[in-house]
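Asker: Listed in order, the protein sequences are those of chains A and B. With numbering that gives the first Met the number 0, letter number 155 in the first sequence gets 154, and the count goes up by one each step, no holes. With numbering that gives the first Met the number 0, letter number 244 in the second sequence gets 243, and the count goes up by one each step, no holes. This is the structure, below, for whatever I ask next.
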Amino acid sequence: MDAPAISCQGLELDYGRGSRIGPLTLDIPAGSCVALVGENGAGKSSFISMILGLRPPTKGLVSLFGVAAPTPGSRLGVGYLQESVDFPERARAHDLIALHSRLTGLDRRKAARELESYLDGFGLELTSKPIRAYSKGMKQRLALAIAMLDCKRLLILDEPNSGLDPVGIAMLRAKLDALKAEGTTLLISTHRLAEVMHLADQVLVLHKGKVAGESAMSDFHDFPAFEKYFLERVK
Amino acid sequence: MSQGPSMRLRAVLFFELGPALKGPLLWAALASLMILVVPIRYIMVGDIHVNGELVGQALRLNYVVAIGYSTIVFLTTLFTLCFCLDRTGTHYLRNNDLLILSRAMGRPHFYLAKMASVLIPSLAYGILAVTLFWEELYRVAGVNLSHVFILIMPLGLSMLCLVSLYFLMRNFLGNFMIFFLWLLMLPVIYVVNLWRYYAGFLREGGPLAEGINMLPQFGGIHVWSLGMVSDFFMRPESWHALANGALWSVVASVTGLFVFSKKRL
């Protein structure tokens, strides 16, 4: 049997002063699409940080595809989009794409040849404009382009729709559908329930740092039923 | 696969070096090298009389070298501090840095790449300053003082000491607080070290001198290389500053790597 894409065993993060996340014990199967939902401050971003090894947990273990998460090798083929997107202002889009291409081990020449069409796929142009001249939506598109550079195994998105216009949202939806069809595991953290309903197979509700609900998306026949389930879990 | 981590380290290093090569800091640093030319032009050229007696070139050279070395160390320290501030500014361990770390990039590699992105341009600047100093002495006064290149070794050590300490502090403090602490510390570790070696002050081994011996001595590290140029500056105990700088660099680098690898980002 394949190892789960994400496996958490008794995962806890203690902030001190009685504030903590967990304990969380859960498995996210490879190839699935999971919506991570919860109120502000529920612990979604901290949970993602622990998965990616950015925050060592106080207790417990995380593994990605069977490899312990603190090991850098466990994050090969893993893409990540942060909640707040703000790049070095003097950098240019192609500098960042070139950097992340090299970090993911992509062939430099091939990446350079395909750069223009790759950026075009995200509605961005190959210009010498520094990132400080970008709008919030353009920065979000660039962050998505970076996250999707190498996400063969797992893509973790934290508020992916933030700042995107309707065209951008449609573009993102099409790309996520394609990745799902290719078998990439998707973990999408969002406040916008309607956006994930059509895409996710499973929903995970976090409330005050704990799993308050876990259900298959097929259990909800329409959006009001999904919304009602969510509101009941976070009451 | 074995080349993976080093390739990723190089990728981050080249990206971080970008601002050093195209930012305004480079031009400011290069323009500041003009200061080095001034003492050579004014002290080494023409006749200087003191109490009616002509001052010889050998004595004048001592003053020029002492001023020149202090200026090179001061400018390089200033430039390195500016670079530390720039590379660990508001974007440090935010956004792009977190994206880099979320890739298959080990924390030690990231930390070393960041440190190297400050050290490399700082050292290049120091080497340029030393070369300019040598060239000006040769061109203006006809003195071929090739021993000045020995300064590069203690200069590199002092930069390593400063950068490793800065990055260690950055694990705990914001840039503003570190800058404030450096302002407090620099007169102590820079000026007092010079007094300690040359003014006779604090050299008798009192409790304060013992305390100063233990501080990072990157400000006084060039005392040793001054002794290599002229017997006038030779201080037998000046190698203590080198040993002190090397020890602080190792301790700060190892502690910094350990703390950074455990840090919650």
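The beta carbon of each residue, even a glycine, is placed where N, CA and C say it ideally should be.
Looking only at its own chain, which residues have a Cβ that is under 7 Å from the Cβ of L92 (chain B), when we skip the five neighbours before and after it?
Answerer: Excluding sequence neighbours, L92 (chain B) sits near L264.
Asker: Return the CA-CA distance between A215 (chain A) and L180 (chain B), expressed in angstroms with no decimal places.
Answerer: C-alpha separation (whole angstroms): 55 Å.
Asker: Between L85 (chain A) and chain B, is any beta-carbon pair separated by less than 7 Å?
Answerer: Residue identity differs from the one stated: residue 85 (chain A) is Asp in this sequence, not Leu. Answer yes: the Cβ-Cβ gap between D85 (chain A) and chain B drops below 7 Å somewhere.
Asker: Assuming I187 (chain A) is part of the beta strand (DSSP E), what are its boundary residues?
Answerer: T184 to T189 is the extent of the beta strand (DSSP E) around I187 (chain A).
Asker: Drop a sphere of 10 angstroms on the beta-carbon of N39 (chain A), count the other beta-carbons inside from all chains shown, and report buried for 16 or more, exposed for fewer.
Answerer: Classification of N39 (chain A): exposed, given that the 10 Å Cβ count is below 16.
Asker: Along the alpha helix (DSSP H) that carries S161 (chain A), what are the first and last residues, could you check?
Answerer: It is not in any alpha helix (DSSP H) - S161 (chain A) carries neither H nor E in the DSSP assignment.
Asker: Where does F232 (chain B) land, buried or exposed, given buried means 16+ other C-beta within 10 angstroms?
Answerer: So F232 (chain B) counts as buried.
Asker: List, in order along the chain, the chain A residues whose C-beta lies closer than 7 Å to that of M104 (chain B)?
Answerer: Within 7 Å Cβ-Cβ: P71 and L102.
Asker: Are any of the Cβ atoms in chain B nearer than 7 Å to that of Y79 (chain A)?
Answerer: Yes, because at least one Cβ of chain B sits closer than 7 Å to the Cβ of Y79 (chain A).
Asker: Would you decide whether H220 (chain A) is buried or exposed? Buried here means 16 or more other CB atoms lie within 10 Å of its CB.
Answerer: With fewer than 16 Cβ atoms within 10 Å of its Cβ, H220 (chain A) is classed as exposed.
Asker: Relative to chain B, which residues along the region 134 to 160 of chain A have a C-beta separation below 7 Å, given in chain order?
Answerer: Cβ contacts with chain B come from I145.
Asker: Since G244 (chain B) and L156 (chain B) should fall inside the 8 Å C-beta cutoff, what is the C-beta to C-beta distance between them, to a whole number of angstroms?
Answerer: With 8 Å as the limit, G244 (chain B) and L156 (chain B) qualify as a contact, their Cβ atoms being about 5 Å apart.
Asker: Compute the minimum distance between the beta carbon of D218 (chain A) and the heavy atoms of the ligand ZN, and state whether it is under 6 Å.
Answerer: Looking at this structure, you won't find the ligand ZN or any other ligand, since it has none at all.
Asker: Bridge partners of R19 (chain A), per DSSP?
Answerer: Answer is A:D13, bridged to R19 (chain A).
Asker: According to DSSP, what are the bridge partners of R91 (chain A)?
Answerer: Looking at the DSSP assignment, R91 (chain A) forms a beta bridge with A:P129.
Asker: How is the alpha helix (DSSP H) around E194 (chain A) delimited, first residue to last?
Answerer: Per DSSP, E194 (chain A) belongs to the alpha helix (DSSP H) from L192 to M196.
Asker: Can you name the start and end residues of the beta strand (DSSP E) that S214 (chain A) belongs to?
Answerer: Where S214 (chain A) is concerned, the enclosing beta strand (DSSP E) stretches over K209 to A215.
Asker: Cutting at 6 Å between CB atoms, please list the residues of its own chain near A251 (chain B), excluding the five before and the five after it.
Answerer: Cβ within range, chain order: S163, L164 and L167.
Asker: By how many angstroms is the C-alpha of D26 (chain A) removed from the C-alpha of G105 (chain B)?
Answerer: Going from the Cα of G105 (chain B) to the Cα of D26 (chain A) covers about 25 Å.
Asker: Could you name the residues that DSSP lists as bridge partners for D26 (chain A)?
Answerer: According to DSSP, D26 (chain A) bridges with A:S6.
Asker: By the criterion of Cβ-Cβ separation under 7 Å, what are the contact partners of P55 (chain A) in chain B?
Answerer: Simply K261 and R263.
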